[in-house]
Structures are given as C-alpha cells and as structure tokens.
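Student:
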C-alpha cells in the first residue's frame, strides 16, 4: 500500500494533532506488461482479447513424465508469447560485469534512442533490451562495434532457441 494523501486535522476539531492518511492499493505491473510495454491501467479484458490469450482446447497439455508433472503449450501459445519479443536484443559485456543502472545509462548515452527502452537482467551478465522504435533496434544491431569501459558489448537479436 502506498500513502496517497495526508491531511492534518483542524486544531479545533482535534486536539491531539493526529494525521489522517488515506491508503490505496497500487497494483504492480506484471512481468509481461513491463516486457511488452503495456500499462497495467488498461482494461485487462481488452488487452487479453488483443493478445489473443484465450486458451482453446489443446493449448495446454498436462502429463506426468517419470513422476514429474509436465506442462506443454501448443504452437499457438508459443507464437503469442514470442510475438511481444519483436525489437528485442540480448546484450553481454565481454570481460567484466556491470551493474544494471550503469549499463542502462551507458546505453542511453551511446545509442540515444528516440523512444524508451526496457531492460531486464536475465543472469550471468546477460541483459534483454526491448526497443519501442524499430529504427533504434536496427541502430543497436548494425552500427557497432559498441564498447563500454574499453570492453566490447555484444548485441544479438533475441531468437527462440
């Protein structure tokens, strides 16, 4: 919960000087919304319809393999999930580790994107960067080589393995 408003009561109505605080529940953005750039303030049923995220018969197959539960998704669901990964690159700074904020600041100053970029630290020094603008995406891929602190930055398009 986040405090939204703070009002002091009038001295005539209350002699102990307490504050009155209104609390509102702020729903955090989901990982999907952050990655594909959707706002959590949109009507969720509308965004689900646009994304085609209604499950159909055969989209989810549940089974048990060697005593371990297994869930398999259909090709249609896989296509829906990877559709939001357009204009996304995978980054790795060779030779040294770098913090998230430092890398983000360096990328903004180096690439000067015309739209916002969304970054995610995936692990082992790899980062995903999603561009809102196709021209910014193309620039990051083609105008290298890029260096940060004298180390090469590898930039590769995101692909499904």
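In our numbering, the protein residues as written are 3 to 163.
For each residue, glycine too, the CB sits at the ideal point set by N, CA and C.
1. Determine the closest residue to residue 133 out of 125, 115, 60, 163, with distance taken between C-alpha atoms.
2. Does DSSP classify residue 108 as helix, strand or coil?
3. Taking Cβ to Cβ, would you say residue 106 is nearer than 7 angstroms to residue 121?
4. Considering only DSSP beta bridges, list what residue 90 is partnered with.
5. Touching or not, the segment 79-86 and the segment 96-105, by the rule of three or more beta carbon pairs under 8 angstroms?
6. I think residue 131 touches residue 143, with their Cβ atoms under 8 angstroms apart; what is that distance to the nearest whole Å?
7. In the DSSP output, what is residue 120 paired with across the bridge?
8. Does residue 63 come out as helix, strand or coil in the three-state DSSP assignment?
9. Would DSSP call residue 160 helix, strand or coil?
10. Kindly indicate the opening and closing residues of the alpha helix (DSSP H) around residue 84.
11. Kindly indicate which three-state DSSP category residue 72 falls into: helix, strand or coil?
12. Roughly how many whole angstroms lie between the Cα atoms of residue 153 and residue 138?
13. Just how far apart, CA to CA, sit residue 61 and residue 128?
14. Taking C-alpha atoms, which residue in 149, 90, 78, 125 lies nearest to residue 119?
15. Got a sec? Which residues, its chain only, sit under 7 angstroms from residue 136 by beta carbon, not counting five neighbours each side?
16. When you compare only the Cα positions, how much space is there between residue 77 and residue 58?
17. Have a look at residue 96 and residue 155 and give me their C-alpha separation to the nearest angstrom.
Tutor: Answer, in terms of the structure:
1. If you number the chain shown from 1, residue 133 lands on position 131. Here the closest residue by C-alpha is 115.
2. Stepping through the chain shown from its first residue, residue 108 is reached at position 106. Residue 108: helix per DSSP, three-state reduction.
3. Here residue 106 refers to the residue found at position 104 when the chain shown is read from its first residue. Here residue 121 refers to the residue found at position 119 when the chain shown is read from its first residue. In contact: residue 106 and residue 121 (Cβ atoms closer than 7 angstroms).
4. If you number the chain shown from 1, residue 90 lands on position 88. Paired residue(s): 132.
5. no
6. Stepping through the chain shown from its first residue, residue 131 is reached at position 129. Stepping through the chain shown from its first residue, residue 143 is reached at position 141. Going by Cβ atoms, the distance from residue 131 to residue 143 rounds to 11 angstroms, so no, they are not a contact pair.
7. Here the question's residue 120 lines up with position 118 in the chain shown. Partner(s): 132.
8. Taking the first residue of the chain shown as position 1, residue 63 is located at position 61. Three-state result, residue 63: strand.
9. Translated into positions along the chain shown, residue 160 becomes position 158. Of the three classes helix, strand and coil, the one that applies to residue 160 here is coil, per DSSP.
10. Here the question's residue 84 lines up with position 82 in the chain shown. It spans 77-85 - the alpha helix (DSSP H) in which residue 84 sits, taken as one unbroken run.
11. Indexing the chain shown from 1 puts residue 72 at position 70. The answer is strand: DSSP assigns residue 72 an E or B state.
12. If you number the chain shown from 1, residue 153 lands on position 151. If you number the chain shown from 1, residue 138 lands on position 136. Answer to the nearest angstrom: the Cα atoms are 22 angstroms apart.
13. As a working note, residue 61 is residue 59 in the chain shown. As a working note, residue 128 is residue 126 in the chain shown. Their Cα atoms are separated by approximately 31 angstroms.
14. Numbered from 1 along the chain shown, position 117 holds the residue referred to as residue 119. Of 149, 90, 78, 125, the residue nearest in Cα terms is 90.
15. Taking the chain shown and counting its residues from 1, one reaches residue 136 at position 134. Cβ within range, chain order: 89.
16. By 1-based counting over the chain shown, the position of residue 77 is 75. By 1-based counting over the chain shown, the position of residue 58 is 56. Straight-line Cα distance between these residues: approximately 12 angstroms.
17. Stepping through the chain shown from its first residue, residue 96 is reached at position 94. Stepping through the chain shown from its first residue, residue 155 is reached at position 153. Spanning the two alpha carbons is a distance of roughly 6 angstroms.
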